[in-house]
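Numbering (the working numbering), first residue to last: 3 to 212. Every residue gets a Cβ at the ideal spot worked out from N, C-alpha and C, and that includes glycine.
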């Protein structure tokens with residue numbers, strides 16, 4: 003069973019797998035920007051983006067996630083089942099993109115292709131806001147460890163946990179205007195930790211680096 007099937011199972015059994023109100027945080031995009039959310043899941047972040055006045059499009063490689071997203075946002079939602087490794091959009095289709103907890107689930111060898119697709123579909127001068135789980139997060143020790151930074155949880159879903167350096171390494175040639183690790187304590191005394199970063203799309207610089 004591949005990872006898309008695993009996620010389909012999750013969303014099939016837990017339609018509202020991620021509950022509560024999503025706070026996308028401070029966003030680097032001008033009001034009214036056309037944005038792509040990669041890995042839109044059940045639509046929580048996409049809903050917040052639309053409510054904030056952005057022209058937001060969502061993709062997810064899980065068909066069940068897309069169904070859940072449409073149940074939340076209605077048939078008018080611009081959301082489709084697609085992989086970040088091969089996106090159905092033309093060059094320079096978006097002013098920016100969001101990847102919230104997506105890179106964790108991509109094999110390291112596939113990350114360059116995913117980043118290349120994002121750079122292709124976001125216009126020059128746009129940017130990408132990224133959010134990933136950080137090394138040291140309470141969930142980083144839950145599951146079967148298959149590499150130094152990756153575990154497979156009991157449901158078969160694979161998660162990679164990042165440092166700021168390993169996240170930067172995913173975007174070679176793209177200036178990082180802001181990166182920070184956010185750690186929050188739970189009521190049980192454990193820590194949830196994530197990294198947030200903004201990378202600028204500079205296509206000429208990226209071309210030269212490659």
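Bridge partner(s) assigned by DSSP for residue i
i	result
residue 161	153
residue 42	Partner(s): none; residue 42 has no beta bridge.
residue 131	100, 200
Under 7 Å between C-beta atoms of residue i and residue j
i	j	result
residue 56	residue 35	yes
residue 108	residue 82	no
residue 58	residue 74	no
residue 196	residue 102	no
residue 117	residue 173	yes
residue 122	residue 97	no
residue 30	residue 178	no
Whole-number beta carbon distance between residue j and residue i, since they are thought to touch under 8 Å
i	j	result
residue 84	residue 37	No, residue 84 and residue 37 are not in contact; Cβ-Cβ is about 16 Å, not under 8 Å.
residue 140	residue 115	No, residue 140 and residue 115 are not in contact; Cβ-Cβ is about 31 Å, not under 8 Å.
residue 201	residue 132	7 Å
Residue environment, residue i, which counts as buried when at least 16 other CB atoms sit within 10 Å
i	result
residue 147	exposed
residue 46	buried
residue 157	exposed
Alpha-carbon spacing of residue i relative to residue j, whole angstroms
i	j	result
residue 7	residue 64	7 Å
residue 11	residue 120	27 Å
residue 14	residue 70	9 Å
residue 66	residue 32	31 Å
residue 155	residue 124	33 Å
residue 110	residue 137	16 Å
CB contact check: residue i to chain C, cutoff 7 Å
i	result
residue 80	Protein chains in the displayed structure number just one, and chain C is not present.
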